[in-house]
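Per the working numbering: the sequence shown = residues -12 to 334. Encoded as structure tokens, the structure appears first; notes follow it.
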Amino acid sequence: MKLSWRRISAHTKHAFKIARPGSSVSDGGKAIERTIVSIEHDGIIGLGEAAPTPFYKQTLDSVETALAKMQPLLGENPDDIEGIIARLLRDFDGDRAAVSAVDLALHDLWGKRSGKPIWQLYGYDRTTIQPTSMTIGIDDIALLPQKVSEAAGFDILKIKVGMPNDVETLTELRKLAPDKKIRVDANCGWEPASLSERIAQVSQFDLELIEQPTTTHQFDALRDARKSSPVPLVADEDSAKPSDVEALAGVYDGINIKLSKCGGICEARKMIALARGLDMKIMLGCMVETSLGVSAAAQIASEVDYVDLDGHLLLADDPFTGLILDGGVVRPGDQPGLGVTEINPIP
């Protein structure tokens, strides 16, 4: 097997800002970059995408530094995906975005060699996938009507909160979308000391869930707030990899799994099994990434309770095609592997 990689760029439709300091992904229309991994075996090429986040001290540079050291660990058997990923994680546990890109490329290769999509190879039923939410970043409240209008085809909205005007924002959003489900994501933006108060303030808006209210590892405050919260609490930044899951039981009601965060499909499937065993709800999310990365997540989307796979929909010029949007549901296609095709591939 031969490993290679390159960078691609795409542009966001709008500025996308979250509460976590320094975490604005992009101004509207400006480029974001992602690393695309290729693994070639017997003339067949599998593709994967890395969407690292600085929150976990990972960048495109660190991804590519890790990738440069991975070739000797791949071996010669492309069917041993779990074994390869286990070897990589022993040396690159802190580089899970890079490991995820390799995992995705190996899965894409597996599917292409088998002539089947990954969801079918795993025996999943794509007809049972839940509708995705459509995300609205922190922005000027005056822009909410435009953003809600653009999300007219989605029954679930997820809005980024964690600012002093959260109640004002949610008041306006609920007026604009009286019949839609609303999820809120604080991205670590609420203070632990006032957590119960903040939850009480926003719960009046009939929320489906609250994602990552505080900074990570605030388990005592979260456990106390959860006792009186009428809204389920879902871990995101606290839920990075399989070894995190057990400690979150009793602290959160559910976890949010993202492939680039946890290390790919193999690790995500482990997290799903662990969470099910602990009677926790499961959300499947994504970064702002292309249809390549989102389609990989969509392959396993039938196995979760909440779907938040809209990262490719935030792009004005997604460089891949093949992922299906059907009445607010993101479904993987019928094509082998991850099921997407690059629109303008490099020769």
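All residues carry an ideal CB built from backbone N, CA and C; glycine is no exception.
Are there 16 or more other CB atoms within 10 angstroms of the CB of I26, so buried, or fewer, so exposed?
buried
Which of the three DSSP states is assigned to W106 in this structure?
helix
Helix, strand or coil at T46 according to DSSP, with G and I counted as helix
coil
Throw me the rounded Cβ distance for the G33 and L93 pair, which I believe falls under 8 angstroms.
6 angstroms
Taking DSSP's pairing of strands, which residues face W(-8) in a bridge?
V24.
Residue range of the unbroken beta strand (DSSP E) whose run includes A339
Residue 339 is absent from the structure shown; the chain starts at -12 and stops at 334.
Cβ atoms of L60 and R83: under 8 angstroms apart, would you say?
In this structure, L60 does not lie closer than 8 angstroms to R83 by Cβ.
Using a Cβ-Cβ cut-off of 6 angstroms (strictly less than) and excluding sequence neighbours within five positions of V294, which residues of its own chain qualify?
Q117, T119, L271 and A288
Below 6 angstroms CB to CB, which residues in the same chain sit around H(-2) once its five sequence neighbours on both sides are set aside?
Short of 6 angstroms from the beta carbon of H(-2), and not among the five residues preceding or following it, lie these beta carbons of its own chain, in chain order: G16, A18, A303 and D304.
G9 to T202, Cα distance in whole Å?
With a pLDDT of only 49 at G9, under 50, the local geometry of the prediction cannot be trusted, and the value read off the model is given with reservation. Cα to Cα, the separation comes out at about 14 angstroms.
Can we say the segment 107 to 115 touches the segment 136 to 156, given the rule of at least three CB pairs closer than 8 angstroms?
no
D313, DSSP secondary structure in three states
strand
Take the Cβ of A222 as the centre, count every other Cβ of all protein chains shown within 10 Å, and call the residue buried at 16 or more, exposed below.
buried
Buried or exposed, going by whether 16 or more other CB atoms sit within 10 Å of the CB of Q188?
Under the 10 Å beta carbon count, Q188 is surrounded by fewer than 16 other beta carbons and is classified as exposed.
Can you find the residues in the same chain that come closer than 7 angstroms, C-beta to C-beta, to V86, ignoring five residues on each side of it along the sequence?
I72, L75, L76, F79, G250 and G251
Whole angstroms is fine: what's the gap from N331's alpha carbon to D153's?
Rounded to whole angstroms, N331 to D153 spans 41 angstroms at the Cα level.
Pick out whichever of T122, V148 and I128 has its Cα sitting closest to the Cα of E137.
T122
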